[in-house]
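Top to bottom, those sequences are chains A and B.
Okay, so the first sequence: first residue is 1 according to full-length UniProt numbering, each after it adds one.
Okay, so the second sequence: first residue is 1 according to full-length UniProt numbering, each after it adds one.
We treat Cβ as the ideally placed atom computed from N, Cα and C, and that holds for glycine.
From a predicted model like this one, the values you see are computed outputs, not experimental measurements.
Here is the structure we will look at.
There are 2 protein chains.
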Amino acid sequence: MSLQLTILGCHSATPRVNAFPTSQYLEINNQHFLIDCGEGTQRQMRKYKVGFSKIDHIFISHLHGDHFYGLVGLLSTYGILSREKEMHIYGPKGIKNATLQMLKVSESHAKFNMIFHELSSKESELIFEDDKVSVRTIPLNHRVYTNGYLFTEKEKARKLHMDNISNYVEIDRADYLNIKAGKDVILPTGEIVPNSELTISPKKALSYAFCSDTSYKPDIIPIIKNVNLLYHEATFLADREDLAKKTKHSTSKQAAQIAKDAEVGQLVVGHYSGRYKDISLFQKEAKEIFENTELAEPGKVFKV
Amino acid sequence: MSLQLTILGCHSATPRVNAFPTSQYLEINNQHFLIDCGEGTQRQMRKYKVGFSKIDHIFISHLHGDHFYGLVGLLSTYGILSREKEMHIYGPKGIKNATLQMLKVSESHAKFNMIFHELSSKESELIFEDDKVSVRTIPLNHRVYTNGYLFTEKEKARKLHMDNISNYVEIDRADYLNIKAGKDVILPTGEIVPNSELTISPKKALSYAFCSDTSYKPDIIPIIKNVNLLYHEATFLADREDLAKKTKHSTSKQAAQIAKDAEVGQLVVGHYSGRYKDISLFQKEAKEIFENTELAEPGKVFKV
Numbered sequence: 001m002s003l004q005l006t007i008l009g010c011h012s013a014t015p016r017v018n019a020f021p022t023s024q025y026l027e028i029n030n031q032h033f034l035i036d037c038g039e040g041t042q043r044q045m046r047k048y049k050v051g052f053s054k055i056d057h058i059f060i061s062h063l064h065g066d067h068f069y070g071l072v073g074l075l076s077t078y079g080i081l082s083r084e085k086e087m088h089i090y091g092p093k094g095i096k097n098a099t100l101q102m103l104k105v106s107e108s109h110a111k112f113n114m115i116f117h118e119l120s121s122k123e124s125e126l127i128f129e130d131d132k133v134s135v136r137t138i139p140l141n142h143r144v145y146t147n148g149y150l151f152t153e154k155e156k157a158r159k160l161h162m163d164n165i166s167n168y169v170e171i172d173r174a175d176y177l178n179i180k181a182g183k184d185v186i187l188p189t190g191e192i193v194p195n196s197e198l199t200i201s202p203k204k205a206l207s208y209a210f211c212s213d214t215s216y217k218p219d220i221i222p223i224i225k226n227v228n229l230l231y232h233e234a235t236f237l238a239d240r241e242d243l244a245k246k247t248k249h250s251t252s253k254q255a256a257q258i259a260k261d262a263e264v265g266q267l268v269v270g271h272y273s274g275r276y277k278d279i280s281l282f283q284k285e286a287k288e289i290f291e292n293t294e295l296a297e298p299g300k301v302f303k304v
Numbered sequence: 001m002s003l004q005l006t007i008l009g010c011h012s013a014t015p016r017v018n019a020f021p022t023s024q025y026l027e028i029n030n031q032h033f034l035i036d037c038g039e040g041t042q043r044q045m046r047k048y049k050v051g052f053s054k055i056d057h058i059f060i061s062h063l064h065g066d067h068f069y070g071l072v073g074l075l076s077t078y079g080i081l082s083r084e085k086e087m088h089i090y091g092p093k094g095i096k097n098a099t100l101q102m103l104k105v106s107e108s109h110a111k112f113n114m115i116f117h118e119l120s121s122k123e124s125e126l127i128f129e130d131d132k133v134s135v136r137t138i139p140l141n142h143r144v145y146t147n148g149y150l151f152t153e154k155e156k157a158r159k160l161h162m163d164n165i166s167n168y169v170e171i172d173r174a175d176y177l178n179i180k181a182g183k184d185v186i187l188p189t190g191e192i193v194p195n196s197e198l199t200i201s202p203k204k205a206l207s208y209a210f211c212s213d214t215s216y217k218p219d220i221i222p223i224i225k226n227v228n229l230l231y232h233e234a235t236f237l238a239d240r241e242d243l244a245k246k247t248k249h250s251t252s253k254q255a256a257q258i259a260k261d262a263e264v265g266q267l268v269v270g271h272y273s274g275r276y277k278d279i280s281l282f283q284k285e286a287k288e289i290f291e292n293t294e295l296a297e298p299g300k301v302f303k304v
């Protein structure tokens, strides 16, 4: 089990020389996901050596430009790179038409299929699942329809504890499947051997929750409870809670409160407003409530 | 009269860390124009200190992503910056719908009017004119409908040569308008005083031609004849003329031939393919045909 998050961009909308809009690259249990795709994301992917061909799934939180305007350029580039594998794109209703019309007017003739999964539910729903990972939406509260995403590794099967099993001549190879599935064994004598004696627990499944953009929304806590890593937006500091409320963003203090109440392993904050020159203040403010807080910065890698 | 061109981006489509797609900022006779707007242009504008509010006219050559995918983000930013002045956008038919649909899906509520001037003519046409500058299209030959743009300063009126005029007591203030307009003066004696004696020539009107993307197209020469500054794309070197022909691009040699035949003041080449690591080869190749050739590079300024 492994989880590694690379920040490609982590600033809010207005363009600045050393600011990059939201985008993240997540490697989880050998799956590779792109999360949000602000303008310039494809250049950031090159800069931080993200393998373009590894990504088959792109998750867009909402359709504001600073989370989405890099998508059409990236898809166009996949066309230039002669991609053939299908690409799955998850995002709010409307993403498909706007993207395809832009590609059409550019006469971008991609050979690969783009499969859009348009979201409109206000409840958390399972939107992707394979044998390695599942992805659920985290309904957020922003000025437009917005989802965060919860990425969770699949639990691996229990492993046989062969040393212990060999103590029981009565246990046959034919029993192994049941033992792996967690069942106890009843010996011919009627003695019960508990599964915990016969198996080794697999490594704990890891999880990552991405929450941007949103106002303070404590009802996401049950969904993200105990995740190993939480990214939560922090556009403002607590001194501008009024502005956070008005624009449906969060303060760093609020992000930390969510992390604390959800008992997560680590918090990463980002989406800093351009009004703050010293982003270390975001970390300082959050740490007062939730100690294990880190700052998102372009190129920074978080490994669990 | 003044002409200053700032290169914001000058590379071809595939993303690279230190490559930026086409965009240029032109200051001509106190007018301020943006030419092409590849992804990331707004960040390059910040980097090279282009005043966002100065620009009221954006010219898009064609709708390939590397010349156009930065437009929607820039317009969205103008909305965030509370722009109120109208913005004129010139480009191929289709630009309006694709742009507006993308802005609509993002719920970008701009207060300013966007006036799209959609182009479809295959002949050179006058598309903008005020008392300072005129702009004509330069029909190019690329894989999609493409125009270059010719920017020409308006000739200023002739100035009165007051020292010489004062030699003629017969000339009255009432004659000045005719003299400025270039007319000779007939004295009561019948003597003709030539206008050239009574006026000073204004500074020569300057002109800039932007030609990207295009295959070698010598029929643009009459349109761009004698311009002070010519930007002509050079995607390939002469060793890959076959590829230039196939993809409807030009070689540096071909760009230089156009510059020579059009007898321009200076040539700037750009739009280098990513296959060439050493772009100085583009200059070397062009100089063999047209000596006054410079390389486009991000942030480079050309002053006439």
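Using CA atoms only, rank isn't needed, just tell me which of the options is closest to residue i.
i, options, result
"residue 219 of chain B", "B/186, B/207, B/239, B/261", "B/261"
"residue 95 of chain A", "A/81, A/78, A/107, A/70", "A/70"
"residue 137 of chain B", "B/117, B/18, B/156, B/270", "B/117"
"residue 289 of chain A", "A/32, A/213, A/252", "A/252"
"residue 181 of chain B", "B/280, B/84, B/19, B/196", "B/196"
"residue 18 of chain B", "B/56, B/141, B/274", "B/274"
"residue 57 of chain A", "A/271, A/258, A/127, A/144", "A/127"
"residue 89 of chain A", "A/276, A/72, A/280", "A/72"
"residue 80 of chain A", "B/13, B/294, B/129, B/42", "B/13"
"residue 183 of chain A", "A/149, A/217, A/199", "A/199"
"residue 177 of chain A", "A/189, A/163, A/157", "A/157"
Are the CB atoms of residue i and residue j nearer to each other than 8 Å?
i, j, result
"residue 206 of chain B", "residue 153 of chain B", "yes"
"residue 22 of chain A", "residue 48 of chain A", "no"
"residue 53 of chain B", "residue 76 of chain B", "no"
"residue 10 of chain A", "residue 296 of chain A", "yes"
"residue 82 of chain A", "residue 111 of chain A", "yes"
"residue 255 of chain B", "residue 215 of chain B", "no"
"residue 298 of chain A", "residue 20 of chain A", "yes"
"residue 55 of chain B", "residue 210 of chain B", "no"
"residue 151 of chain B", "residue 281 of chain B", "no"
"residue 268 of chain A", "residue 241 of chain A", "no"
"residue 133 of chain A", "residue 62 of chain A", "no"
"residue 140 of chain A", "residue 168 of chain A", "no"
"residue 300 of chain A", "residue 4 of chain A", "no"
"residue 213 of chain A", "residue 146 of chain A", "yes"
"residue 106 of chain A", "residue 65 of chain B", "yes"
Any beta-carbon of chain A closer than 8 Å to the one on residue i?
i, result
"residue 97 of chain B", "yes"
"residue 42 of chain B", "yes"
"residue 35 of chain B", "no"
"residue 68 of chain B", "yes"
"residue 265 of chain B", "no"
"residue 106 of chain B", "yes"
"residue 304 of chain B", "no"
"residue 275 of chain B", "no"
"residue 63 of chain B", "yes"
"residue 270 of chain B", "no"
"residue 352 of chain B", "Residue 352 of chain B cannot be examined here, being either before or after the span of chain B that is shown, 1 to 304."
"residue 193 of chain B", "no"
"residue 73 of chain B", "yes"
Tell me where the beta strand (DSSP E) around residue i begins and ends.
i, result
"residue 71 of chain B", "First-last for residue 71 of chain B: 71-80, but that is the alpha helix (DSSP H), not the beta strand (DSSP E)."
"residue 67 of chain B", "Per DSSP, residue 67 of chain B belongs to no beta strand (DSSP E); it is in the alpha helix (DSSP H), 65-68."
"residue 139 of chain B", "133-139"
"residue 23 of chain B", "23-28"
Does residue i get closer than 8 Å to chain B when you measure Cβ to Cβ?
i, result
"residue 39 of chain A", "yes"
"residue 212 of chain A", "no"
"residue 80 of chain A", "yes"
"residue 102 of chain A", "yes"
"residue 76 of chain A", "yes"
"residue 47 of chain A", "yes"
"residue 14 of chain A", "yes"
"residue 148 of chain A", "no"
"residue 17 of chain A", "yes"
Any heavy atom of the ligand NAD within a distance shorter than 7 Å of the CB on residue i?
i, result
"residue 276 of chain A", "With respect to the ligand NAD, the structure offers nothing, as it holds no ligand at all."
What are the boundary residues of the alpha helix (DSSP H) that residue i is part of?
i, result
"residue 222 of chain B", "221-224"
"residue 102 of chain A", "95-105"
"residue 45 of chain B", "41-47"
"residue 311 of chain B", "Missing from the structure shown is residue 311 of chain B; chain B here goes from 1 to 304 and no further."
"residue 153 of chain B", "Note, residue 153 of chain B: premise wrong, no alpha helix (DSSP H); beta strand (DSSP E) at 147-153."
Problem set entry | contact_flag[the segment 260-275 of chain B, the segment 221-235 of chain B] where n(CB pairs < 8 Å) is 3 or more | yes
Exercise. Can we say the segment 282-292 of chain A touches the segment 233-245 of chain A, given the rule of at least three CB pairs closer than 8 Å?
Worked result: yes
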